[in-house]
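To start, the structure itself, in structure tokens.
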Amino acid sequence: MRPLRFVALGDSLTEGVGDPVGDGWRGWAALLADGLGPAVEFTNLAVSGAQTRDVLERQLPAGLALRPDVVSVVVGVNDTLRCTFDIHAVAAQLDAVYAAFTEQGALLLTACLPDPGAMLGLPGALASPLARRQRAVNSVVHALSERYGAVHLHAAEGAWITDRAMWSADRLHPGERGHRQLAVRFHAVLAEAGLATGAAPSPEPEFAQPTKSASLWWLATAGTGWVARRCTDLLPQLLRLAVDEMRHRARGTSARLDLGATAAVSAALSALSVPEAA
């Protein structure tokens, strides 16, 4: 029998940023692969900075060509950090990706994620618009995961989010301990369903946690470039969103923003075609 094929799609989280091994990244998906069974072929197609459109247009064709037995699709945070954010597009693109893999017979793994504003510790007026966007993405992922029978991990909540030991210096990517936590939690869900037959990944780090000086050096070099690239794209719009947020708070109408986001999610999901019954 051929080895089980596990293919991972997504952005920097799945690429493994925050969990360095040698000259590259490892990450939760690679850690999970070892626990899926006795013989696993693992391919990581995730790319840092990827949005749902990138997964659909670039990663999906390569993933389908590999004909995976298990495929993870964890993406969406980068969409919330762009001035082009459109929940209708996110929903349509994720729907197309999920449908393509399930039609091919692959087991789909998905996850909802914490919002970046909270992870970065942004002030309320700046964090709230990002939180609203991430809740919208998570709502879409929840709905589509149920539609396509995905194994879904609720990673947008829990003590691991506030535990600084789980996170890398940039406060947006898990460190090794955080990546291991994701792998352990995914393995537990799969094992409970009888879909993971290998040993669970260890939750304990293999390598020493980076020192504070090393973390500060990363932030001053690579981290600065990461923030600058996203600020150039998002900051002008985020400031406008923050002003709008403060105006609604002053008028006592903040609930309208949440209702509008909820309505947009409902409209985006309603616009998707319903898959035919097998």
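With full-length UniProt numbering applied, the sequence shown corresponds to residues 1 to 278, in that order. C-beta: ideal position from N, C-alpha, C; glycine also.
Residue 263 has its alpha-carbon roughly 32 Å from the corresponding atom of residue 104. Per the DSSP secondary-structure output, residue 206 pairs with nothing in a beta bridge. As computed with DSSP, residue 152 is found in a beta bridge with 110.
A straight line joining the alpha-carbon of residue 121 with that of residue 156 spans about 16 Å.
The criterion of a C-beta distance shorter than 8 Å is satisfied by residue 46 and residue 10.
The C-alpha of residue 20 lies about 32 Å from the C-alpha of residue 86. Our two residues, residue 35 and residue 200, have alpha carbons roughly 5 Å apart in a direct line. Cβ neighbours of residue 7 within its own chain (closer than 7 Å, five residues either side excluded): 43, 45, 63, 66, 68 and 71.
Straight-line measurement puts the Cα of residue 125 at about 5 Å from the Cα of residue 242. Using a 10 angstroms sphere on the CB of residue 258, the tally of other CB atoms stays under 16, which defines it as exposed.
The three-state reading of DSSP puts residue 5 in strand, counting E and B together. In the three-state scheme derived from DSSP, where H, G and I count as helix and E and B as strand, residue 17 is classed as coil. In the DSSP assignment, residue 97 falls within the unbroken alpha helix (DSSP H) covering 87-103.
Taking 8 Å as the cut-off, the beta carbon of residue 272 is found closer than this to the beta carbon of residue 91. A direct Cα-to-Cα measurement between residue 132 and residue 261 gives close to 7 Å.
For the set 5, 32, 12 and 252, the Cα lying nearest the Cα of residue 188 is the one of 32. Nearest C-alpha to residue 267 among 196, 140, 153 and 204: 140.
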